[in-house]
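Count along the sequence shown from 1, then add 34; that gives the number in the numbering used here. All C-beta atoms, glycine included, are put in the ideal place defined by N, C-alpha and C. Note that the structure is a prediction, hence the values are computed from the model and not measured. Since the structure comes first, as structure tokens, the remarks are kept for the end.
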Amino acid sequence: MAAEAHSDGASEPQRSSRRFPTLTRDTARPEGGGRAASGGYPAPARQWPLLTVMGGVAFGLLLVALDAFRIGAIVIGLALLAGAVLRRMLPEVGMLAVRSRFTDMLTYGVLGFVIVMLALMVQPKPWIHIPFLDDIVHFTVR
């Protein structure tokens with residue numbers, strides 16, 4: 035492997051081993067992990083996508099604490115679904131970007147969908163009834 039020459043004539047040092055270095059000097063920022071607003075704005079304005087999702091989750095937890103479990107869980111799930119939409123639609127989302135765009139969207143979307151579905155099916159008096167899930171529960175529990 036030859037050393038690549040830079041525009042100033044210097045070349046990068048070659049690694050003598052294929053092993054990873056013992057000291058990591060830098061990490062790559064996730065795709066779309068830049069500031070959601072320019073650096074001239076205060077920190078909360080630069081991280082508004084993350085604060086939006088966290089605010090929705092906090093509101094849902096407050097509703098759960100106030101004994102509105104089903105509604106609170108639905109709000110939490112919808113906040114995660116909103117995080118998936120924000121991750122897809124915005125080019126830069128700040129600290130809402132944790133992994134690659136696809137992985138973040140899949141994680142936020144699946145978790146949000148599952149939480150909403152479980153909140154709709156929670157007993158007593160479920161708002162929706164999915165018959166094959168009853169069979170799965172009866173097969174695994176009994």
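- With a cutoff of 8 Å on beta-carbon distance, Ala107 and Gly90 are scored as not near each other.
- The alpha-carbon separation between Val150 and Tyr75 amounts to approximately 34 Å.
- Boundaries of the alpha helix (DSSP H) around Pro78: Ala77 to Arg80.
- By the CB criterion at 8 Å, Val127 and Pro165 fall outside the cutoff.
- Rounded to the nearest whole angstrom, the C-alpha separation of Asp169 and Met155 is 14 Å.
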